[in-house]
Ligand SMILES: Cc1ncc(COP(=O)(O)O)c(C=O)c1O
Ligand SMILES: Cc1ncc(COP(=O)(O)O)c(C=O)c1O
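Protein chains in written order, with my numbering: chain A, 435 to 910; chain B, 435 to 910.
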């Protein structure tokens, strides 16, 4: 706990990061190295003796940075964005400095209490239903990732259905039930749903989305009917708001009605798009959320909060506590009934003081600042559309209800193989970085606005490159 | 990405943390507030407009700090330690500043490569078997917590046994298998094992540990025989090195031999004690590790690396990739065969650049510095023993092979209820903080050396308080 070293070495590190941020636009966006590059640069064993902090910082540029893909480069358009900002980094310094492990209220009360408060702030800022507020039976929790939130929701739903079915048939075993359980999601849902189903070990049935990549109640209803007829037990569905391939929004209202009727637990995964709901003009996309048992999105994607910070809301926390409650004496405390013990709502035991990040970002940016940030990205995506639309070589594909910061396009009326070659050529060019997707047998290119630093001129630059590389490809 | 604000606000935050570290010994170790205290101090909604960073920092002392339990206070002796240090915090600044999401090699190659390298450094520094190095079929990964490592190991083992049994009986379903699977652990194992078994949904059988709280092969063998006779399928065991209640070390050699013979997957949870293996004098406690399929411990407990950083080693990574592999196009890349994609070895998809923390701490402290840190804590525990041992009112209970930094004691020949009152009186006194445990029907007090700042004088102070509070209690 060397306070002086913290100040001096911390300042050196901040300086390094600040310089990095200032120069990031000039760096090649994708690392230009081969697998194994770093092993050739670093020693084979840890040093016996301490080294100077200056020498560590000096090595960063020569060893680490050449292998970094710059997610915050204004030329990074791959995946979905991941957030960061100076207040979030400051909050992380504080969380690291205090370094409490807030698994229960007593382990560090501020850690639990601030989390409940800022999660309520966030719910109100987004206009989420009241039942997600901590004042009722529900509440918010910061999970590490959307993948964990999906898994946690699935486990709570499994626990609920097991309890219910056990009443009817006291000889029922979990294994026997598991062989009958069915989870549903759209064929556009994120791979983390497959992973959660794999982990829990239950059947996953993908519902064919419509031509706009939207999952609708009718198809869900039909699938449920089929499965019930086969003796299976439908119990859980993941609806996605803002799918990874095309930012499609499942039809919550029709899906939700089916869930209500059929007694399915609806979990909403709004990993990326959920962030937009702090802007009132996108709230209509939340219609139907009243049917959800749980909801999750990632402030670490688009709300200026560093990874990890996934905001999950539960309608009825007892299902979660039931699913996870293990209570040895060394973790018991006198306040268990008056405050949430977040360890019962998550997979890990230990937890960082992550709510500080949300608190700092809310205060340093204000809701106004956060909305402006979201809107700017959406404007830039529109700007890209305005550039590509008039060009006859391209088509914009699967335009979502709101494309938000993502644009999906491909070479018009052309085979997948040609589009694949275009993507390859673009990424080999290395001036911008995109990832593809395969949707309804179509190979498509995804351009997601990702960086705080992206401005119109960068989008124009990206467009010029796409246009130039396409010209070269088509002239071959 | 405001570089100037990062430097100035970062410096302010570092200053706050440095002051906190300097004053931590003078703060009451446990928060002295009631549930709900913070809601009365903070607004009900997030601010619309940005606030100044100075005002945020100013509010810390009046709102957050009163609710913090000071895990790094020299008077904190509860749970097990959690680590922090200035190089780890600096590395977090960097990780937050670069903010890449290293789920696959291509997503940011340095992130994956540094992790493989420093995990190899760590394995070598601890003298772990070669099969845990990344050069073979195994390798190391940083998980968030020991709880996740246990779950991941359990899932990989489930995937292995399912594959094997399916060959014998192609009609086997996972649910049917699950109803037969048995997981074993000592009755002293951590509650995260209960949680992992709950999540996976399989039977957990606790093996009675011996009088020294050690799980031995003989008891494991007997339990397996019983379970096989009932048609069950033993497949997984967690051996603990350094149990939470008393820091007991399961007998890896005899348990490991049984696992080999009975084809059980042995996972070792050395969450706290594992850190000591960087000191050669404790390495004999690792005898038998050659029987393990997986091993995990928490540098975030005792190796100066902030939470979260749990170091997990796998003997054969294919079992993990098999258990978790979901591979959509937007995550595929050209280098999948030449570099590990850590997303297949863990529950979440996204991952922070956590290896920077290990790298910075190794270099800034040197292995020598880390060993000195571990040894000092162990010396302080011995010093506490030297103070309490001559006092006839107390007995030291369940002394482990190596107690490391933990001492377990109670009032000699006295009922649990009196010991419970002693703990309550100590924690109400609030000058030091301990948590109890219940071991073999005995209520015991645990004193764990936790803080970097703890010196002989603090241990002496703790002893004086224990002595004084006991005198008062016994005179009633
Ligand atoms: C719709 C959706 N769900 C889930 C995820 C996974 O997020 P995480 O890494 O937080 O698990 C993503 C990531 O892009 C996503 O787009
Ligand atoms: C033996 C043991 N295993 C597991 C854990 C849980 O650690 P984590 O919070 O990293 O899951 C602990 C925590 O004290 C422990 O002592």
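Note that beta-carbon positions come from the ideal geometry of N, C-alpha and C, so glycine has one too.
Query: Determine the chain B residues that contact residue 802 of chain A at a beta-carbon separation under 7 Å, and present them in chain order.; Result: 482 and 483
Query: On the criterion of 16 or more Cβ atoms from any shown chain inside 10 Å, does residue 662 of chain B qualify as buried, or is it exposed?; Result: exposed
Query: Closer than 7 Å by beta-carbon distance: list the chain A residues that pair up with residue 441 of chain B, in chain order.; Result: 448, 449 and 452
Query: Is residue 618 of chain A close to chain B, meaning its C-beta is less than 8 Å from at least one C-beta of that chain?; Result: no
Query: When you compare each of A/821, A/468, A/727 and A/837 to residue 503 of chain A by their alpha carbons, which one comes out closest?; Result: A/468
Query: State the Cα-Cα distance for the pair residue 780 of chain A and residue 826 of chain B, rounded to the nearest angstrom.; Result: 44 Å
Query: Closer than 8 Å by beta-carbon distance: list the chain B residues that pair up with residue 542 of chain A, in chain order.; Result: 465, 501, 502, 503 and 505
Query: How big is the Cα-Cα spacing for residue 636 of chain A and residue 698 of chain A?; Result: 15 Å
Query: By a C-beta neighbour count over all protein chains shown, 10 Å radius and 16 as the cutoff for buried, is residue 837 of chain A buried or exposed?; Result: buried
Query: Using a cut-off of 7 Å between C-beta atoms, extract the partners of residue 814 of chain B located in chain A.; Result: Those do not exist, as residue 814 of chain B stays about 15 Å from chain A at its closest Cβ, beyond 7 Å.
Query: For residue 672 of chain A, I'd like the list of residues in its chain whose CB is within less than 7 Å of its CB, leaving aside the five on either flank, ordered along the chain.; Result: 584, 619, 623, 627, 701 and 703
Query: Under the assumption that residue 735 of chain A contacts residue 517 of chain A (Cβ atoms under 8 Å), give the Cβ distance between them as a whole number of angstroms.; Result: 6 Å
Query: Please state whether the Cβ-Cβ distance between residue 604 of chain A and residue 796 of chain B is less than 8 Å.; Result: no
Query: Quick one: does the C-beta of residue 579 of chain B sit closer than 7 Å to a heavy atom of ligand 3?; Result: No copy of ligand 3 appears in this structure; the ligands present are ligand 1 and ligand 2.
Query: Short of 7 Å in beta carbon distance, which residues of its chain neighbour residue 461 of chain A, apart from the five on each side in sequence? Order them along the chain.; Result: 504 and 507
Query: From the DSSP output, which residues share a beta bridge with residue 671 of chain A?; Result: A/618 and A/700
Query: Taking one C-beta from the region 514-532 of chain A and one from the region 524-531 of chain B each time, how about it: are there three or more such pairs within less than 8 Å?; Result: yes
Query: Pick out whichever of A/680, A/876 and A/870 has its Cα sitting closest to the Cα of residue 839 of chain A.; Result: A/680
Query: Which residues in chain B sit within 8 Å of residue 471 of chain A, going by Cβ to Cβ distance?; Result: 543 and 547
Query: Starting from residue 639 of chain A, follow its DSSP beta bridges and name the residues at the other end.; Result: A/618
Query: Is residue 626 of chain A near ligand 1, going by C-beta to nearest heavy atom under 7 Å?; Result: yes
Query: Pick out whichever of B/755, B/787, B/873 and B/713 has its Cα sitting closest to the Cα of residue 803 of chain B.; Result: B/713
Query: Does any residue of chain A have a CB that is nearer than 8 Å to the CB of residue 890 of chain B?; Result: no
Query: Are any of the Cβ atoms in chain A nearer than 8 Å to that of residue 575 of chain B?; Result: no
Query: Three or more beta-carbon pairs under 8 Å between the region 548-558 of chain A and the region 573-580 of chain A, yes or no?; Result: yes
Query: Can you check DSSP and say which residues form a bridge with residue 788 of chain A?; Result: None; residue 788 of chain A has no bridge partner.
Query: Rank B/787, B/775 and B/776 by C-alpha distance to the C-alpha of residue 742 of chain B and give the top, closest one.; Result: B/787
Query: Would you tell me roughly how many angstroms separate the C-alpha atoms of residue 854 of chain B and residue 877 of chain B, rounded to the nearest one?; Result: 7 Å
Query: Report the CB separation of residue 882 of chain B from residue 744 of chain B in whole angstroms; it is logged as a contact under 8 Å.; Result: With a Cβ gap of about 18 Å, residue 882 of chain B and residue 744 of chain B do not count as contacting.
Query: Label residue 562 of chain B either buried or exposed according to how many other C-beta atoms from any shown protein chain fall within 10 Å of its C-beta, with 16 as the threshold for buried.; Result: buried
Query: Can you give the Cα-Cα distance for residue 629 of chain B and residue 594 of chain B, rounded to whole angstroms?; Result: 21 Å
Query: Am I right that residue 842 of chain B and residue 510 of chain B are in contact with their C-beta atoms under 8 Å? What's the rounded C-beta distance?; Result: With 8 Å as the limit, residue 842 of chain B and residue 510 of chain B do not qualify as a contact, their Cβ atoms being about 17 Å apart.
Query: Let me check one thing: in DSSP terms, what residues is residue 719 of chain B bridge-paired to?; Result: Looking at the DSSP assignment, residue 719 of chain B forms no beta bridge with any residue, so it has no partner.
Query: Hey, is residue 570 of chain B close to ligand 1, as in C-beta under 7 Å from one of its heavy atoms?; Result: no
Query: Rounded to whole angstroms, what's the CA-CA distance from residue 450 of chain B to residue 441 of chain A? Just pull it up for me.; Result: 10 Å
Query: Please work out which residues of its chain come closer than 8 Å, Cβ to Cβ, to residue 537 of chain B, disregarding the five sequence neighbours upstream and downstream, and give them in chain order.; Result: 765, 775, 776, 777, 783, 784 and 785
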